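> What follows is a structure written as structure tokens; I'll ask about it next.
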Amino acid sequence: MNDIVIQTDKITKTYGSGTTEVHALSNVDLTIRRGELAAIMGASGSGKSTLMNLLGCLDTPTSGSYTLDGVRVDGLGKNELARIRNEKLGFVFQGFNLLARTSAVENVELPMLYDRSGRKRDTRALAVAALERVGLGSRLDHQPSELSGGQQQRVAIARALVTEPALVLADEPTGNLDTHTSIEVMALFQQLNEQGITIVVVTHEPDVAVYATRIIQLRDGQICRDEPVKNPQTAARDLEKLDRSSA
Amino acid sequence: MKSSTLIRLASQSILRNRMRSILTMLGIIIGVAAVIVMVAVGYGARSRIHEQINNLGTNMIVITPGASTTGGVSQGAQAFATLTVEDADKIRNESQNVAAVSPVIVSRSQVIAPGGNWRTMINGVDTDYQMIRAWQTDSGTFFGPDDVFAARSVAILGRTVAQRLFADSNPVGQEIQIAALRFKVTGVLAPKGQTASGSDSDDVILIPYTTAATRLTGKPRIPQILASTASEGELSAAQDEIKTLLRESHHITGDDEDDFTVRNQTDLATAAESSTRVMTLLMAAIASISLLVGGIGIMNIMLVSVTERTREIGIRLALGARGSDVLTQFLVESIVMGVLGGIGGLVLGITSAKVLAHFTGWETTISPLVMIIAVGFSGAVGVFFGFYPAQKAAALRPIEALRYE
Ligand SMILES: Nc1ncnc2c1ncn2[C@@H]1O[C@H](COP(=O)(O)OP(=O)(O)O)[C@@H](O)[C@H]1O
Ligand SMILES: [Mg+2]
Chain A
1 MNDIVIQTDK
11 ITKTYGSGTT
21 EVHALSNVDL
31 TIRRGELAAI
41 MGASGSGKST
51 LMNLLGCLDT
61 PTSGSYTLDG
71 VRVDGLGKNE
81 LARIRNEKLG
91 FVFQGFNLLA
101 RTSAVENVEL
111 PMLYDRSGRK
121 RDTRALAVAA
131 LERVGLGSRL
141 DHQPSELSGG
151 QQQRVAIARA
161 LVTEPALVLA
171 DEPTGNLDTH
181 TSIEVMALFQ
191 QLNEQGITIV
201 VVTHEPDVAV
211 YATRIIQLRD
221 GQICRDEPVK
231 NPQTAARDLE
241 KLDRSSA
Chain B
1 MKSSTLIRLA
11 SQSILRNRMR
21 SILTMLGIII
31 GVAAVIVMVA
41 VGYGARSRIH
51 EQINNLGTNM
61 IVITPGASTT
71 GGVSQGAQAF
81 ATLTVEDADK
91 IRNESQNVAA
101 VSPVIVSRSQ
111 VIAPGGNWRT
121 MINGVDTDYQ
131 MIRAWQTDSG
141 TFFGPDDVFA
151 ARSVAILGRT
161 VAQRLFADSN
171 PVGQEIQIAA
181 LRFKVTGVLA
191 PKGQTASGSD
201 SDDVILIPYT
211 TAATRLTGKP
221 RIPQILASTA
231 SEGELSAAQD
241 EIKTLLRESH
251 HITGDDEDDF
261 TVRNQTDLAT
271 AAESSTRVMT
281 LLMAAIASIS
291 LLVGGIGIMN
301 IMLVSVTERT
311 REIGIRLALG
321 ARGSDVLTQF
331 LVESIVMGVL
341 GGIGGLVLGI
351 TSAKVLAHFT
361 GWETTISPLV
371 MIIAVGFSGA
381 VGVFFGFYPA
391 QKAAALRPIE
401 ALRYE
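Going down the list, the protein sequences come from chains A and B. So that you can map any letter, position 53 of the first sequence is 53 in my numbering, and since no number is skipped, the others follow by simple counting. So that you can map any letter, position 51 of the second sequence is 51 in my numbering, and since no number is skipped, the others follow by simple counting.
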């Protein structure tokens, strides 16, 4: 099986044209292997979200090629991209993006409603299992408004996991959370990563990036630094320390 | 997505904005209710007209002066054309198919009785009149051929006249005065109720036509000659025969138009129906306009809903929904709204028709077919007016929808 999940070749995204032209990304070559927990960092406006949208097949590049989990993605039509998103990708957003007035289980079931493989699955059972995996087994029927920020983000992570995607993409997943909850979320990502899930996290906070196995730095739409982290910090241990000092 | 999931989603979203949904559906509700009531009343009116026309008599032929057009509207010739007692005699003597004939000589007069006085219609008729109109006497008897032959002053009272002149006492054998002439009451007719045009059939006095022609002053006219056949099968032959006979006696030849009109009961019913059909069409037009307005209401709210739920659409697209999934979701929502409105309208319409029937005494009929059409049509309104908003939702691009605040 192919070990490479993401491979981009001179991927470029330009917004607007003429005098208002913005080169949000230029000629980005990026390869991410199965099992990585990569952090994409950079200042605001450096092109992190643009890259994330391209990697997530939510937007199409101006030029360059992109292969996701062995499938050439650039040039595919809207419906094929929808299928790729459904089958190969899981999303975690900064603003959680859960459906309001909809229970946690139903939110997690959502991607399975759009499954086109035709296989028969017990979507509810799978959703419950995913919620248990993120530690929310006791909050199945709670609506987003009845959950804390950290819990909502865990529902979103369960929703990203439930289809067993090749890649989980998280754009500023801790942006709306306090420090403690942020570390909790990163601990969850580390735990899932140990179970073999490939995760790419976009963040501008160095405190969050320390838990990644690889840090990719963007500046003005180009990769300026890309190196593996030898011994990433363990979020679970940091949490314990934090709890002990506050106790 | 499964259709059960789609309908559940649509119902959830409609229930979440309960007040708004009800207001949106109100247009459809009122439109459908209007259709139901109108159709119900229309059917009722038609069956009432049929009943009244049958009430006129059996296998009856009505001959009126003046030419006719298809719609039964008399034309200018009527002013000069006349029917005469001789016309009636000719039909009686020469027609093979006609079983009974009676001229109707009509005048209005003040009638005086010991117990009161009343202005009413005096109809001079032949003895056949009773058979043609299948009109029984409640008390006393109809006058006989010798009364007609001798032009005797005998009168038969309609139920209304009897009540006005004699209240509760029995008029048979009593004397009344019609236009200063004394008449002996020989009978009282059974009540027949309202005519198709809404006047009272029982507000009438019948006297021998010979008496009416010779004794009554004023200007008696013959607005109609009534005839009937023994059975329905002879009706059209009898009509043709009457036409030939009258053309002969009126000296009408070649291509010249008849100066009289011969119609049977079915023709009368058709003429009466055509007037209700115009009403029904008018009402249907009003109903369609309110359905149109209702549909525009649905479109408006669906457009608002698509804008409000842009982020939700973005989430669904990000998770793998296709444009067609989003389109179906919103379309099902507007269809459900239309159908619910249709059912609501059905309930309101049936209730209103029942209430109307209760207070007016009109007969109302609601056929299951009309119900199915009404609900189906509301669903179609949902499809038609929901399509544009649904398509707008489906055309959204995932990142833009996700970024929408
Ligand atoms: N839809 C867009 N239209 C025009 N310019 C855009 C659009 N999205 C992003 N940009 C521009 O592209 C650059 C990169 O933006 P983004 O990827 O959002 O950066 P980051 O997420 O790192 O803050 C910025 O200069 C931004 O203004
Ligand atoms: Mg960003």
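By construction, the Cβ of each residue, glycine as well, lies at the ideal position given by its N, Cα and C atoms. Please read these numbers as outputs of a predicted model, since none were measured by experiment.
(1) Would you grab the beta carbon distance between residue 10 of chain A and residue 47 of chain A for me? Rounded to a whole angstrom, and I think it's under 8 Å.
(2) Can you list, in chain order, the residues of its chain with a C-beta nearer than 6 Å to that of residue 226 of chain A? Leave out the 5 residues immediately preceding and following it.
(3) Once the 5 residues before and after residue 195 of chain A are set aside, which same chain residues still bring their CB inside 7 Å of it?
(4) Can you round the beta-carbon distance between residue 150 of chain A and residue 110 of chain A to whole angstroms, since I take them to be within the 8 Å contact cut?
(5) For the region 91 to 123 of chain A, list every residue whose C-beta sits within 7 Å of some C-beta in chain B, in sequence order.
(6) If you draw a straight line from the C-alpha of residue 115 of chain B to the C-alpha of residue 257 of chain B, how long is it?
(7) Is there contact between the region 338 to 349 of chain B and the region 31 to 46 of chain B, where contact requires at least three CB pairs shorter than 8 Å?
(8) Using a beta-carbon distance below 8 Å, is residue 321 of chain B in contact with chain A?
(9) When you compare each of A/221, A/83, A/60, A/55 to residue 118 of chain A by their alpha carbons, which one comes out closest?
(10) By Cβ distance below 7 Å, which residues in the same chain neighbour residue 88 of chain A in space, the five residues on each side in sequence not counted?
(11) Given this structure, state the Cα-to-Cα distance separating residue 379 of chain B from residue 43 of chain B, to the nearest angstrom.
(12) With distance defined between alpha-carbon atoms, name the residue in B/390, B/374, B/282, B/376 nearest to residue 333 of chain B.
(13) Taking 8 Å as the threshold (beta carbon to beta carbon), is residue 154 of chain A in contact with chain B?
(14) Could you give the uninterrupted runs of the alpha helix (DSSP H) lying entirely in the region 181 to 225 of chain B, keeping only those of 4 residues or more?
(15) Say whether the region 181 to 191 of chain B touches the region 44 to 51 of chain B, bearing in mind that this needs 3 or more beta-carbon pairs closer than 8 Å, one atom from each stretch.
(16) Please determine if the region 284 to 299 of chain B and the region 80 to 98 of chain B are in contact, where contact requires at least 3 C-beta pairs separated by less than 8 Å.
(17) Near ligand 3, which residues have their beta-carbon closer than 6 Å to a heavy atom?
(18) Between the Cα of residue 116 of chain A and the Cα atoms of A/86, A/212, A/127, A/140, which residue gives the shortest distance?
(19) Please report the Cβ distance between residue 105 of chain A and residue 128 of chain A, rounded to the nearest whole angstrom; I am assuming they are in contact, meaning their Cβ atoms lie under 8 Å.
(20) Does the distance from the C-beta atom of residue 170 of chain A to that of residue 134 of chain A stay below 8 Å?
(21) How should residue 76 of chain B be labelled, buried or exposed, when 16 other C-beta atoms within 10 angstroms of its C-beta is the threshold for buried?
(22) Using a Cβ-Cβ cut-off of less than 7 Å, give me the residues of the region 9 to 32 of chain B that come near chain A, in sequence order.
(23) Out of B/353, B/366, B/372, B/355, state which residue places its alpha-carbon closest to the alpha-carbon of residue 343 of chain B.
(24) Going by DSSP in three states, residue 11 of chain A sits in which element: helix, strand or coil?
(25) Within 8 Å (strictly less), CB to CB, does residue 15 of chain A reach chain B?
(26) Is any heavy atom in ligand 1 found nearer than 7 Å to the beta carbon of residue 24 of chain A?
(27) Could you tell me whether the Cβ atoms of residue 341 of chain B and residue 404 of chain B are closer together than 8 Å?
(28) Given a threshold of 16 other Cβ atoms within 10 Å of its Cβ, counted over all protein chains shown, does residue 19 of chain B qualify as buried or as exposed?
(29) Helix, strand or coil, according to DSSP, for residue 146 of chain B in the structure here?
(30) Indicate the three-state DSSP secondary structure (helix, strand or coil) for residue 73 of chain B in the structure shown.
This is what the structure gives:
(1) That belief does not hold up - the Cβ atoms of residue 10 of chain A and residue 47 of chain A are roughly 14 Å apart, past 8 Å.
(2) Excluding five sequence positions before and after residue 226 of chain A, the CB atoms of its chain that fall closer than 6 Å to its own CB belong to 216, given in chain order.
(3) Contacts found: none.
(4) The beta carbons of residue 150 of chain A and residue 110 of chain A sit about 20 Å from each other, so the pair does not count as a contact at 8 Å.
(5) Per Cβ criterion, the list reads 91, 97, 99, 101, 110, 111, 113, 114.
(6) If you take the alpha carbons of residue 115 of chain B and residue 257 of chain B, they lie about 50 Å apart.
(7) Output reads yes: the region 31 to 46 of chain B touches the region 338 to 349 of chain B.
(8) With 8 Å as the cut-off, residue 321 of chain B counts as an interface residue toward chain A.
(9) Of the candidates A/221, A/83, A/60, A/55, the one whose C-alpha sits nearest the C-alpha of residue 118 of chain A is A/83.
(10) Only residues of its own chain outside the window of five on either side were considered, and among them 68, 69, 165, 166, 167 have a CB closer than 7 Å to the CB of residue 88 of chain A, listed in chain order.
(11) Straight-line spacing of the CA atoms in residue 379 of chain B and residue 43 of chain B works out to 24 Å.
(12) The option with the nearest alpha carbon to residue 333 of chain B is B/390.
(13) No, residue 154 of chain A does not count as interfacial toward chain B.
(14) Qualifying alpha helix (DSSP H) stretches, in chain order: 209 to 214.
(15) No: fewer than three Cβ pairs fall under 8 Å.
(16) With a cut-off of 8 Å, the region 80 to 98 of chain B and the region 284 to 299 of chain B do not count as touching, because too few Cβ pairs lie within range.
(17) You won't find ligand 3 in this model; what it holds is ligand 1 and ligand 2.
(18) The residue with the shortest Cα to Cα distance from residue 116 of chain A is A/86.
(19) Their Cβ separation, rounded to whole angstroms, is 6 Å, which keeps residue 105 of chain A and residue 128 of chain A in contact under 8 Å.
(20) With a cutoff of 8 Å on beta-carbon distance, residue 170 of chain A and residue 134 of chain A are scored as not near each other.
(21) Caution is warranted here: a pLDDT of 46 is assigned to residue 76 of chain B, below 50, making its placement in the model unreliable, and no coordinate value can be reported.
(22) Of all residues in the region 9 to 32 of chain B, 16 have a Cβ within less than 7 Å of some Cβ in chain A.
(23) Distance from the Cα of residue 343 of chain B is smallest, within the candidate group B/353, B/366, B/372, B/355, for B/372.
(24) DSSP places residue 11 of chain A in strand when its eight states are reduced to three.
(25) By this cut-off, residue 15 of chain A is not an interface position.
(26) True, at least one ligand heavy atom lies under 7 Å from that Cβ.
(27) Here residue 341 of chain B is not near residue 404 of chain B, since their CB atoms are 8 Å or more apart.
(28) Residue 19 of chain B comes out exposed.
(29) In the structure shown, residue 146 of chain B sits in a helix (DSSP, three-state: H, G or I).
(30) Here residue 73 of chain B scores only 49 on pLDDT, less than 50, and its place in the model is too uncertain to base an answer on.
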